[in-house]
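Residue numbers (the numbering used here): 86 to 304. Yeah, the Cβ is synthetic: ideal placement off N, Cα and C, and Gly gets one too. Values in this document were obtained by computation on a predicted structure and should not be read as measured data. Take a look at the structure set out below.
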């Protein structure tokens with residue numbers, strides 16, 4: 086497909102790298118191609134013919150530009166084991182009526198401004214790494230089981246709640262963290278490791294009227 090295509094998931098349960106499940110139109114014929122960093126992926130009302138469908142990441146690194154689950158029906162599962170990573174070069178839109186079971190790392194790597202993240206109450210099971218020159222805005226609360234790495238770009242929590250185990254930004258590239266009125270919960274898992282670490286060079290930290298609280302893991 087042409088650069089910056091929209092690829093629609095079709096045919097219900099399947100593997101990420103199976104072209105038969107990717108179409109250039111909603112509910113259209115499969116066989117387009119496996120998504121790349123230039124392709125927006127869409128899971129919608131025509132993606133899953135019945136309930137309980139599964140989409141499995143079966144490659145070490147899955148790539149797309151934006152990912153949008155709006156309109157998907159039947160409470161589908163999005164799965165990936167611990168060593169399978171998901172790289173997004175645009176926005177992420179999850180929905181309440183799905184199961185997010187991606188156990189690997191999430192990488193947000195856009196070079197463009199104006200990206201949004203809608204978690205819809207889902208928890209990111211491992212790390213979330215922001216490593217692009219673009220910007221991201223939280224549309225709702227975000228929960229990261231392990232660590233949040235800010236290596237490039239701008240993250241605005243938009244007064245939403247943020248939960249994580251550790252924040253780290255130990256680089257010198259240009260980056261910004263804007264918290265506005267957010268409540269940030271840091272779950273401390275090991276007192277041997279600092280739970281909030283950042284270098285000041287090229288780092289713009291705007292705490293606004295936010296609150297950052299540290300809890301011993303399990304509290």
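In this structure, DSSP gives residue 250 a state outside helix and strand, which the three-state scheme calls coil.
The way I'd put it, the stretch 111-118 doesn't touch the stretch 164-174; fewer than three beta-carbon pairs between them come closer than 8 Å. Between residue 130 and the set 124, 103, 182, 177, the nearest pair of CA atoms involves 182.
Beta-bridge partners of residue 282 (DSSP): 253.
Less than 9 Å separates the beta-carbon of residue 228 from that of residue 248. With a contact defined as Cβ atoms closer than 8 Å, residue 210 and residue 230 qualify at about 5 Å. A contact between stretches requires three or more CB pairs, one per stretch, nearer than 8 Å, and the stretch 170-189 meets this requirement with the stretch 208-225.
Taking the C-beta atoms as reference points, residue 250 is found nearer than 9 Å to residue 272. Here residue 290 is exposed, its C-beta having fewer than 16 other C-beta atoms within 10 Å.
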